[in-house]
Amino acid sequence: MSARDGVGGMGTLGRRPRFENSEFTVRIYPGSLAEGTIYCPISARKTTTAAEAIERVIERLQLDRTRCYVLAEVKEFGGEEWILNPSDCPVQRMMLWPRVALEHRPLSGGEDYRFLLRQKNLDGSIHYGGSLQMWLQVTEERRRMVERGLLPQPEAQGDHADLCCLPELNERSLLDNLRSRFRQEKIYTYVGSILIVINPFKFLPIYNPKYVKMYDNHTLGDLEPHIYAVADVAYHAMLQKERNQCIVISGESGSGKTQSTNFLIHHLTALSQKGFASGVEQIILGAGPVLEVSET
Ligand SMILES: Nc1ncnc2c1ncn2[C@@H]1O[C@H](COP(=O)(O)OP(=O)(O)OP(=O)(O)O)[C@@H](O)[C@H]1O
Numbered sequence: 001m002s003a004r005d006g007v008g009g010m011g012t013l014g015r016r017p018r019f020e021n022s023e024f025t026v027r028i029y030p031g032s033l034a035e036g037t038i039y040c041p042i043s044a045r046k047t048t049t050a051a052e053a054i055e056r057v058i059e060r061l062q063l064d065r066t067r068c069y070v071l072a073e074v075k076e077f078g079g080e081e082w083i084l085n086p087s088d089c090p091v092q093r094m095m096l097w098p099r100v101a102l103e104h105r106p107l108s109g110g111e112d113y114r115f116l117l118r119q120k121n122l123d124g125s126i127h128y129g130g131s132l133q134m135w136l137q138v139t140e141e142r143r144r145m146v147e148r149g150l151l152p153q154p155e156a157q158g159d160h161a162d163l164c165c166l167p168e169l170n171e172r173s174l175l176d177n178l179r180s181r182f183r184q185e186k187i188y189t190y191v192g193s194i195l196i197v198i199n200p201f202k203f204l205p206i207y208n209p210k211y212v213k214m215y216d217n218h219t220l221g222d223l224e225p226h227i228y229a230v231a232d233v234a235y236h237a238m239l240q241k242e243r244n245q246c247i248v249i250s251g252e253s254g255s256g257k258t259q260s261t262n263f264l265i266h267h268l269t270a271l272s273q274k275g276f277a278s279g280v281e282q283i284i285l286g287a288g289p290v291l292e293v294s295e296t
């Protein structure tokens with residue numbers, strides 16, 4: 001983003017009242033919606049809405065007007081995408097970004113602040129473009145080939161996604177299996193329908209919308225163990241049986257219970273809203289600290 005009315009560089013962004021009438025350049029990345037275009041710069045004011053910004057991108061890139069588009073904000077590479085409401089103002093979101101991001105300088109630790117243009121499907125879900133569709137297809141195809149014996153079982157790599165499948169069950173084989181998986185950044189392992197999580201204490205790019213979609217409506221154990229799979233099973237069991245479901249999270253202090261709860265809630269709200277942005281997730285997460293205080 002850059003101010004274009006001579007107000008100054010990024011260093012003056014803190015003085016907000018002066019920017020009421022300023023024009024900013026917002027970069028919007030269309031991805032596969034406009035092959036060959038890395039980003040589309042558009043002019044916007046503090047009060048320009050996402051709907052108006054999208055309209056300008058459609059105009060500039062001559063996109064198909066019969067489709068419905070949304071803006072998504074990302075803050076880290078491969079991370080979660082926050083869908084903006086049509087009335088949200090992208091410039092106001094950008095004012096919360098760190099200065100280096102506004103100056104388009106490289107960020108550290110996987111951070112990557114930008115706006116993506118996404119297509120919304122008729123059912124309200126977000127269309128993630130050909131690459132994801134293809135990736136899901138390949139994953140599904142590989143699973144079928146493994147089932148038919150045309151490809152080796154993943155266990156051939158030396159670890160078991162479910163400890164119940166260990167050929168020899170003792171403390172050593174169990175810990176070796178968990179260690180071997182953890183070294184491959186596979187922090188989740190099943191024991192039947194129980195999920196073991198080993199806290200990685202670092203960001204892993206396995207909680208983005210691609211994963212939400214991948215684990216949607218799958219039987220537990222079909223795919224690589226994941227907290228989203230547990231949330232998904234509970235969600236669909238609730239719909240089918242029309243009964244409350246309960247997920248018990250236990251572990252010692254600092255093991256990642258709060259973080260896991262956040263991932264569960266994220267997946268559940270994503271499933272129930274199918275890509276619609278809403279404050280429900282934030283409201284539920286906001287209740288967490290209050291509940292924790294009343295527990296202690
Ligand atoms: N899945 C994860 N991926 C990355 N980091 C994680 C994950 N789970 C936990 N962490 C890291 O571990 C830290 C501690 O996790 P968390 O606060 O969830 O633990 P807790 O079990 O709720 O602790 P307490 O019982 O003391 O409240 C987090 O701040 C985060 O940095």
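In UniProt numbering, the protein residues as written are 1 to 296.
Cβ coordinates follow ideal geometry from the N, Cα and C atoms, glycine included.
This structure is a prediction, so every number in the text was calculated from the model and none was measured.
For ligand 1, is there any heavy atom lying closer than 7 Å to the beta carbon of residue i?
i, result
"P225", "no"
"K202", "yes"
"K213", "no"
"N199", "yes"
"T258", "yes"
"I265", "no"
"G36", "no"
"I187", "yes"
"S180", "no"
"S250", "no"
"G31", "no"
"S193", "no"
"S253", "yes"
Express the C-alpha separation of residue j and residue i in angstroms, rounding to a whole number.
i, j, result
"A51", "I206", "30 Å"
"I83", "R179", "37 Å"
"A156", "F24", "Low local confidence applies: a pLDDT of 43 at A156 is under 50, so the model's placement there is unreliable, with the coordinate-based value given in what follows. A156 and F24: Cα-Cα distance of roughly 54 Å."
"R65", "E55", "9 Å"
"A101", "C40", "17 Å"
"E81", "E73", "6 Å"
"I210", "C164", "Looking at the sequence provided, one finds Lys at residue 210 rather than Ile. Distance between the alpha carbons of K210 and C164: 28 Å."
"K257", "G124", "31 Å"
"Y215", "N121", "19 Å"
"V212", "F115", "20 Å"
"C227", "L175", "It is worth fixing the name first, because residue 227 is Ile in this sequence and not Cys. Rounded to whole angstroms, I227 to L175 spans 20 Å at the Cα level."
"A34", "L63", "8 Å"
"N208", "I58", "26 Å"
"A234", "G36", "42 Å"
"F182", "P30", "35 Å"
"I38", "S32", "9 Å"
"I247", "I126", "28 Å"
"I249", "Y69", "38 Å"
Looking only at DSSP bridge pairs, what is residue i linked to?
i, result
"W97", "Looking at the DSSP assignment, W97 forms no beta bridge with any residue, so it has no partner."
"P41", "R27"
"C68", "K120"
"V91", "Answer is none; V91 lacks a bridge partner."
So within the UniProt domain "Myosin motor" (158-296), which uninterrupted alpha helix (DSSP H) runs reach at least 4 residues, ignoring any that extend past its ends?
Here the runs fully enclosed are 171-183, 209-214, 227-241, 257-273 and 280-295.
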